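Have a look at the structure below, then the notes.
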Amino acid sequence: MDEVRPQTVAPSGRDDERREPAAAADGAQRGTEPAANREAAKESGATSMILAMGLIGLISGVLIVASFQLTLPVITKNKAAALERAVFEVLPGAKTKVVYEWKKGGALVPVKHEKSGALYLYAGFDANKKLVGIAIPAEGQGFQDTIKLIYGYSPSCRCVVGLKVLESKETPGLGDKIESDPAFRANFKALKIVLGSDGHSIATPVELAKKGKKEKPYQIEAITGATISSRAITAILKASTTAVVPVIMRNLTVLAKEVR
Amino acid sequence: MAKSDGASPESMETFVKGLLKENPVFVMLLGLCPTLAVTNSVINALAMGLATTFVLTMSSAIVSLVRKWIPKQVRIASFILIIATFVTVAEYIIQAISLDVHKALGAFIALIVVNCIILGRAEAFASKNTVGASILDALGMGFGFTIACLSLGVVRELLGSGSLAGFPVLGKSFEPWTIMILPGGAFFVLGLWLIFFAWRREWQKRKAAAPAFEIREG
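Sequence lines, in order, name chains A and B.
For the first sequence, the numbering used here assigns the number 367 to the initial residue and increments by one for each residue that follows.
For the second sequence, the numbering used here assigns the number -5 to the initial residue and increments by one for each residue that follows.
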């Protein structure tokens, strides 16, 4: 075996190497001097460049749309299955669930199938048909992209009992710790969210505390090095609980019945 | 570099060279970011390797197909556009196959766009060779990358979690070396593999020199 250093790699970026066969391709006459560059610039004008890029862009667009359309049904099914699993994950002890559509006026209507575009709550029941809690999907802006999550709220404990991130594109190794960091995840085992005496505001909205500074049961302890992602989770949870918890508490008698 | 033809006997060499002799990771040291980042388990390593192979093969084929119509000045931009398209397609396919794998690979799927192996092959090989040769070259390089990812993934998962592809193999008494699934472990394992490959090259060189010596003696 001869020299192992691949000769195809090292000088590949250089002009002289790649020009030689390329010149043969378009039939142009070129030297190896840098002047050839200027010559090349003259002969292929702006029109051909725009045309080439435009055509490639057009074909790329068609390809992406086609693969999106082809994979969409499967992806939707996968996501629904993942959501179903997540409901039982954020409601420890739940065995069955009932889906409620959350109508605009604040009414909760049990439904059999979810449609896109509507808001849903998932009531989870244990083996004795007792209400364990309600799983609530929520989303908001993260550091890179929208963070989608689902959390479980227990009306008897008046606290968040579980949280799972469904989709996020946070920085690998830093922001994505919101999904993996055990200390951060422990925040959502019993995060107190108590309704105020007026019935439609939260007495103690969730807030972010620095690492090791968590003192109150409604505080979330941030991850060092992932402040923005921690803050995003807090903001999503705060917005969602402020809207949903009053609705849940008002409709507790409706939710506690297991509809079949 | 000889201009290779898809039908020439060289085509087998075009494919095989990427596997070990010119392995993109162990020999060229390209594409180290995904290699280090997502090889903490065999499944992730395999998914990353295959996704990269898919993008590499498709984009090499297209680049080779349109190489004569792309003006020199916009070739890099065109290549990136083609590569990005197939990365997006790959992302949809992975989501359709398994959401868990998609989540585990996370941002690194999108980052295949900037994997220098792919742009490197487009610029160094596909833009001046026939479609057939380019596909063979891309497949060879892609499988070479997959082999590299798996080499790291197998060691890291075995020592870091005591399992292989999710199945426990080392038993309950095994205490996992947590460092192996953390970034530090990736560097250790990659370093050891690089030492191994450097040693293998030396050994082969010595072996190649040896027969000549024997003939002279006889």
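All residues carry an ideal CB built from backbone N, CA and C; glycine is no exception.
These figures come from a predicted structure and were not determined experimentally.
Distance between residue j and residue i (C-alpha atoms, nearest Å)
i, j, result
"GLY541 of chain A", "ASP492 of chain A", "34 Å"
"SER378 of chain A", "GLU581 of chain A", "Note that SER378 of chain A scores a pLDDT of 42, beneath 50, so its modelled location is shaky; the value from the coordinates is reported in the next line. Approximately 60 Å between the Cα atoms of the pair."
"GLY212 of chain B", "ALA202 of chain B", "Confidence at GLY212 of chain B is low in this model, with a pLDDT of 44, below 50, so its placement is unreliable and no value can be given for it."
"SER414 of chain A", "ILE425 of chain A", "16 Å"
"TYR584 of chain A", "GLU533 of chain A", "24 Å"
"ALA609 of chain A", "ILE513 of chain A", "18 Å"
"GLY154 of chain B", "GLY591 of chain A", "24 Å"
"SER522 of chain A", "HIS96 of chain B", "36 Å"
"ALA391 of chain A", "LYS62 of chain B", "Residue placement at ALA391 of chain A is poorly supported in this model, since its pLDDT is 42, which falls under 50; the coordinates still yield a value, given next. Rounded to whole angstroms, ALA391 of chain A to LYS62 of chain B spans 6 Å at the Cα level."
"LEU59 of chain B", "ASN38 of chain B", "31 Å"
"GLY508 of chain A", "ARG195 of chain B", "47 Å"
"ASN109 of chain B", "ALA71 of chain B", "15 Å"
"LEU164 of chain B", "ARG150 of chain B", "13 Å"
"LYS221 of chain B", "PHE137 of chain B", "The requested residue 221 of chain B is not part of the displayed model; chain B covers only -5 to 212."
"THR619 of chain A", "ALA460 of chain A", "18 Å"
"ASP94 of chain B", "ALA447 of chain A", "11 Å"
"VAL611 of chain A", "LEU561 of chain A", "7 Å"
"ILE189 of chain B", "PHE182 of chain B", "11 Å"
"GLY397 of chain A", "PHE119 of chain B", "Because GLY397 of chain A sits at a pLDDT of 43, beneath the cut-off of 50, its placement in the model cannot be relied upon, and the following sentence gives the value as read from the coordinates. Going from the Cα of GLY397 of chain A to the Cα of PHE119 of chain B covers about 21 Å."
"TRP152 of chain B", "HIS566 of chain A", "Just to set this straight, residue 152 of chain B is Leu in the shown sequence, not Trp. Going from the Cα of LEU152 of chain B to the Cα of HIS566 of chain A covers about 53 Å."
"GLU405 of chain A", "ILE103 of chain B", "With a pLDDT of 49 at GLU405 of chain A, under the threshold of 50, the modelled position of this residue cannot be trusted; read the value that follows with caution. Approximately 39 Å, taken between the alpha carbons."
"MET419 of chain A", "THR51 of chain B", "21 Å"
Chain A residues whose Cβ lies nearer than 7 Å to that of residue i
i, result
"THR82 of chain B", "ILE430"
"LEU93 of chain B", "ASN444, LYS445, ALA448"
"THR79 of chain B", "SER426, LEU429, ILE430"
Three-state secondary structure assigned by DSSP to residue i
i, result
"VAL526 of chain A", "strand"
"PHE20 of chain B", "coil"
"GLU573 of chain A", "strand"
"GLY541 of chain A", "coil"
"ILE559 of chain A", "coil"
"ILE64 of chain B", "coil"
"PRO458 of chain A", "coil"
"VAL477 of chain A", "strand"
"ASN444 of chain A", "helix"
"SER54 of chain B", "helix"
"ASN123 of chain B", "coil"
"LEU13 of chain B", "coil"
"VAL149 of chain B", "helix"
"ASP547 of chain A", "coil"
"ARG396 of chain A", "At ARG396 of chain A the pLDDT is 43, less than 50, meaning the model places this residue with poor confidence; the figure from the coordinates comes in the next sentence. The answer is coil: DSSP assigns ARG396 of chain A none of H, G, I, E or B."
"GLY578 of chain A", "coil"
"LYS97 of chain B", "helix"
"SER433 of chain A", "helix"
"ALA484 of chain A", "coil"
"SER35 of chain B", "coil"
"LYS495 of chain A", "coil"
Residue i: contacting residues in chain B (beta-carbon distance under 8 Å)
i, result
"LYS530 of chain A", "None at all; the shortest Cβ gap to chain B is about 11 Å."
"SER606 of chain A", "Within 8 Å Cβ-Cβ: nothing; SER606 of chain A doesn't reach chain B, min ~21 Å."
"SER414 of chain A", "PRO65"
Start-to-end residues for the beta strand (DSSP E) that takes in residue i
i, result
"ALA588 of chain A", "ALA588 of chain A -> no beta strand (DSSP E), and no H or E assigned at all."
"GLU467 of chain A", "462 to 468"
Residue i Cβ short of 7 Å to the ligand ATP heavy atom set
i, result
"VAL465 of chain A", "In the structure on display, the ligand ATP does not appear, and there are no ligands present to speak of."
DSSP beta-bridge partners of residue i
i, result
"GLN507 of chain A", "A:THR512"
"SER712 of chain A", "Because chain A is modelled from 367 through 626, residue 712 of chain A falls outside the range shown and cannot be assessed."
"ILE500 of chain A", "A:ALA489, A:TYR519"
"GLU533 of chain A", "A:LYS514"
"PHE161 of chain B", "B:LEU158"
"PRO583 of chain A", "DSSP output for PRO583 of chain A lists no bridge partner at all."
"LEU421 of chain A", "According to DSSP, LEU421 of chain A bridges with nothing at all."
"ILE568 of chain A", "A:LEU561"
Short CB-CB distance (under 8 Å) between residue i and chain D
i, result
"GLY423 of chain A", "The structure shown contains no chain D; the protein chains it does contain are A and B."
Contact set between residue i and chain B, taken where Cβ atoms lie within less than 9 Å
i, result
"PHE434 of chain A", "THR82, VAL83, TYR86"
Partner residues on chain B for residue i, Cβ-Cβ distance less than 7 Å
i, result
"ALA418 of chain A", "TRP63, ILE64, PRO65, VAL68, SER72"
"LYS514 of chain A", "Near LYS514 of chain A there are no residues of chain B at all, since even the closest Cβ is about 11 Å away, more than 7 Å."
Proximal residues of chain A, C-beta to C-beta of residue i below 9 Å
i, result
"ILE76 of chain B", "ILE422, ILE425, SER426"
"ALA101 of chain B", "GLN510, LYS535, GLU536, THR537, PRO538, ASP542"
Within chain A, the residues that residue i reaches when beta carbons sit closer than 8 Å
i, result
"ALA90 of chain B", "THR437, VAL440, ILE441, ASN444"
Opening and closing residue of the alpha helix (DSSP H) in which residue i lies
i, result
"PRO170 of chain B", "Premise fails: PRO170 of chain B is in no alpha helix (DSSP H) and is neither H nor E."
"LEU176 of chain B", "Per DSSP, LEU176 of chain B belongs to no alpha helix (DSSP H) and is neither H nor E."
"VAL81 of chain B", "69 to 91"
"ILE112 of chain B", "110 to 118"
"ALA552 of chain A", "Element bounds for ALA552 of chain A: n/a, residue is neither H nor E."
"THR29 of chain B", "26 to 31"
"ILE103 of chain B", "101 to 104"
"ALA622 of chain A", "618 to 622"
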